Structure formats: C-alpha cells, structure tokens
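Below is one structure, written out as structure tokens; comments come after it.
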Amino acid sequence: MRILGIDYGSKRIGLSVCDELGFTAQGLATITRKNKEKDMEEISRFVEKYNVEKIVIGFPIRLDGTEGIQCEKVNRFAGILETRFSIPVIKWDESLSTKEAETILIEANMSRKKRKKVVDKLAATIILQGYLDYLDRMKK
Numbered sequence: 208m209r210i211l212g213i214d215y216g217s218k219r220i221g222l223s224v225c226d227e228l229g230f231t232a233q234g235l236a237t238i239t240r241k242n243k244e245k246d247m248e249e250i251s252r253f254v255e256k257y258n259v260e261k262i263v264i265g266f267p268i269r270l271d272g273t274e275g276i277q278c279e280k281v282n283r284f285a286g287i288l289e290t291r292f293s294i295p296v297i298k299w300d301e302s303l304s305t306k307e308a309e310t311i312l313i314e315a316n317m318s319r320k321k322r323k324k325v326v327d328k329l330a331a332t333i334i335l336q337g338y339l340d341y342l343d344r345m346k347k
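Position one of the sequence shown corresponds to residue 208 (my numbering), numbered consecutively onward.
Right, here's the structure in full:
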C-alpha cells in the first residue's frame, strides 16, 4: 500500500511517499502554495502517479500537548483531502519534524538557499517514516 506523507505549511507543502511494502519513506517534492485548487492539482498528480491509498499529514501539536491555530488549518486541509481523494487521511504528530529536517541539512553543510528548497520535503519524509515505524511496531 502506498502512503503519501504531507508536511503542510502556509507557504509550502512537502510531499513524500513510501515504498510499496511500506518500509521506507522517500521525499517527492515541495509545492509552493498558490491557492487551494492549484495545490490540490499538484497533490493529485502524486496521488494518481503512485496509486496512493492513504495520506499521513503532519499534525503540529504543541509541546505542551495542546492544539493551536495551525492544527485548525491542518484539520481543514485534511478534510479537503479526504473529500477530494476519498481515501483515509491520518493526522500524525509532527512535533519538531521541521527542526529535525533543518538540523540534518545543516549537518550536511547545505546552504540556507538550498535548505529552503528541500526542508519541507524532508520534513514530510520524517513524518511519514515515523508513521511507518509505528505501524511496524504495532505488528510485532
């Protein structure tokens, strides 16, 4: 089963996808936000290309465990995804995923300009891999 990972942001949307066996997540793309319809068209290309059966979207729960304004935005976007694609959308705690992605890219000596282009895609990969690892643990 192919699962699409999404790191949803106000300026960019990072995308990742898992392999067919659901073991590993790979970064796909970073979409620069335009409007809801254009964003959905971009996401639709990947849903169709990879025959996606489920979407995992990062859910930005605060460190104190509460939901903020960004969670409301993710909830709305997740609803749009479910309606548009008629597949399950799982909200997955993304705490510090973007920070982790930034750290990885800094340690790789990537310039700030290049990091900006890939950080959201890497964050989506981290979110999806966390979900895949959880599913693996639940099987055991």
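The C-beta atom is built at its ideal place from N, Cα and C for all residues, glycine as well. Bear in mind the structure is a predicted one, so any value in this text is a computation, not a measurement.
When 209, 231 and 220 are compared, the shortest CA-CA separation from residue 336 is found for 231.
In the DSSP assignment, residue 338 falls outside any beta strand (DSSP E) and lies within the alpha helix (DSSP H) extending over 319–346.
The way I'd put it, the segment 229–243 doesn't touch the segment 289–304; fewer than three beta-carbon pairs between them come closer than 8 Å. When the Cα atoms are used, residue 275 and residue 269 turn out to be separated by approximately 7 Å. Closest in alpha carbon position to residue 225, among 218, 219 and 213, is 213.
In the same chain as residue 289, and ignoring 5 residues on each side of it, the C-beta atoms closer than 6 Å to its own belong to 296, in chain order. Across the structure, residue 265 and residue 247 are spaced so that their CA atoms are roughly 17 Å apart.
The straight-line gap separating the alpha-carbon atoms of residue 208 and residue 254 is approximately 12 Å. Contact check for residue 342 and residue 229: beta-carbon distance about 7 Å, within the 8 Å limit, so the pair qualifies. Note on geometry: alpha-carbon atoms of residue 323 and residue 317 lie some 10 Å from one another.
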